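Position one of the sequence shown corresponds to residue 4 (my numbering), numbered consecutively onward. Every residue, glycine too, gets a C-beta built ideally from N, C-alpha and C. Note that this is a predicted model, so its numbers are computed, not measured. For reference, the structure is listed below as structure tokens.
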Amino acid sequence: MLENLINYTNLIALAVILSGGVVRGYTGFGSGLVMVPILAILWGPVDAIVVVLSLGLFSTLQMAYPAFKLVNWRDAGPIVFCAVFVSPIGTYLLLTIDPFVTKKVIAAIVLFFTIISLIGWSYKGPRGVIPSFIAGSISAIINGVAAVGGPAFVLYLMSLPERAEVQRANMAIITGAMGTSILTYILIGGDVPSINLYRIGILALPHIIAVWIGIKLFGVIPSDKFKDIILWLLVIIVTGILLA
4 MLENLINYTN
14 LIALAVILSG
24 GVVRGYTGFG
34 SGLVMVPILA
44 ILWGPVDAIV
54 VVLSLGLFST
64 LQMAYPAFKL
74 VNWRDAGPIV
84 FCAVFVSPIG
94 TYLLLTIDPF
104 VTKKVIAAIV
114 LFFTIISLIG
124 WSYKGPRGVI
134 PSFIAGSISA
144 IINGVAAVGG
154 PAFVLYLMSL
164 PERAEVQRAN
174 MAIITGAMGT
184 SILTYILIGG
194 DVPSINLYRI
204 GILALPHIIA
214 VWIGIKLFGV
224 IPSDKFKDII
234 LWLLVIIVTG
244 ILLA
């Protein structure tokens with residue numbers, strides 16, 4: 004049994020899960036960006052997304068209570084609405100597109116948003132309910148097909164004049180709602196192998212600990228340095244996936 008647990012695939016998965024957990028705890032989002040591209044190579048897109056979103060439920064429970072006290076529902080509410088009602092479009096694409104194509108799509112989306120973040124582009128258009136719905140719809144579709152839709156709504160939220168704590172709370176609540184919705188639609192619409200329950204059971208505690216570490220790091224490590232390290236690692240990883 005121990006020999007089956009300790010192998011290169013599981014060790015890589017553990018390292019990815021830990022990294023994603025720290026990022027989620029620190030930023031309130033972003034775990035999918037870190038975890039999905041690599042886990043999709045190891046397990047396939049659907050299984051990777053199921054595991055990532057399931058682990059995300061634990062992250063949501065860890066972060067929801069303090070986030071609810073800070074969240075600005077005027078900005079976050081329309082995006083949460085889209086997370087629930089627009090996500091099925093992306094989920095349908097995930098369950099019907101060829102897995103090889105899906106891996107490339109995931110990598111391309113991650114690379115696109117990573118480069119946008121690295122060059123420092125920020126949204127400067129109108130704010131309000133309609134722009135929030137648009138940002139939420141784009142995020143929901145991308146998240147449904149690839150579980151990496153966070154940057155679409157994050158770029159919009161970061162343009163709003165809010166304190167860092169409120170922005171992080173908005174991101175945490177939206178990410179939790181979006182992940183829960185998509186996981187529900189996948190479980191309803193797809194045949195999910197039981198091995199994913201085994202993976203979730205093994206990786207849940209390490210992920211919870213990693214999220215806790217990320218929460219503690221918030222306010223200690225300068226966000227710009229932390230973000231740049233993660234973004235450059237993502238550029239290297241997803242470029243390799245696209246070229247493979």
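Using the three-state DSSP reduction, which class does TYR188 fall into: helix, strand or coil?
helix
Mark THR63 as exposed unless 16 or more other C-beta atoms lie within 10 angstroms of its C-beta, in which case mark it buried.
buried
Just reading off the alpha helix (DSSP H) that ASN13 is part of, what are its end residues?
11 to 30
Tell me, to the nearest whole angstrom, how far the beta carbon of TYR188 is from that of SER90; I am working on the premise that it is less than 8 angstroms.
6 angstroms
Below 7 angstroms CB to CB, which residues in the same chain sit around ALA111 once its five sequence neighbours on both sides are set aside?
LEU245
Reference ILE203, options PRO69, GLY131, SER57, GLY152, closest by Cα:
SER57
The alpha helix (DSSP H) that contains VAL49, what's its start and end?
48 to 71
7 angstroms Cβ shell around ASN199 - same chain, five flanking residues per side excluded
ASP50, VAL53, VAL54
Would DSSP call MET161 helix, strand or coil?
coil
Quick test of your reading: VAL241 and LEU114, contact by CB under 8 angstroms. State the CB separation rounded to the nearest angstrom.
5 angstroms
Using the beta-carbon count (16 or more within 10 Å), is PHE103 buried or exposed?
exposed
Which residues mark the beginning and the end of the alpha helix (DSSP H) in which ALA207 is found?
198 to 220
Alpha-carbon spacing of PHE156 relative to ASN173, whole angstroms:
10 angstroms
Are PRO164 and LEU97 touching if we call contact CB-CB under 9 angstroms?
no
Rounded straight-line distance, which links the Cα of TYR29 to that of VAL19
15 angstroms
Look at the Cβ atom of GLY59, then the Cβ atom of VAL37, and state whether they are nearer than 9 angstroms.
no
If I measure Cβ to Cβ from ALA145 and keep anything under 8 angstroms in the same chain, skipping five residues before and after, which residues do I get?
The displayed chain sequence assigns Ile, not Ala, to residue 145. So the qualifying residues of the chain are GLY93, ILE112, VAL151, GLY152, ALA155.
What number of angstroms, rounded off, separates the C-alpha of PHE71 from the C-alpha of GLY128?
27 angstroms
Nearest-angstrom Cα separation, counted from SER140 out to MET4:
At MET4 the pLDDT is 45, less than 50, meaning the model places this residue with poor confidence and gives no usable figure here.
Between PRO209 and the rest of its own chain, which residues show a CB-CB distance below 8 angstroms, the 5 nearest in sequence each way excluded?
LEU17, ILE20, LEU21, GLY24
Answer with buried or exposed for VAL223, where buried requires no fewer than 16 other C-beta atoms within 10 angstroms of its C-beta.
exposed
Residue range of the alpha helix (DSSP H) that includes LYS107
102 to 121
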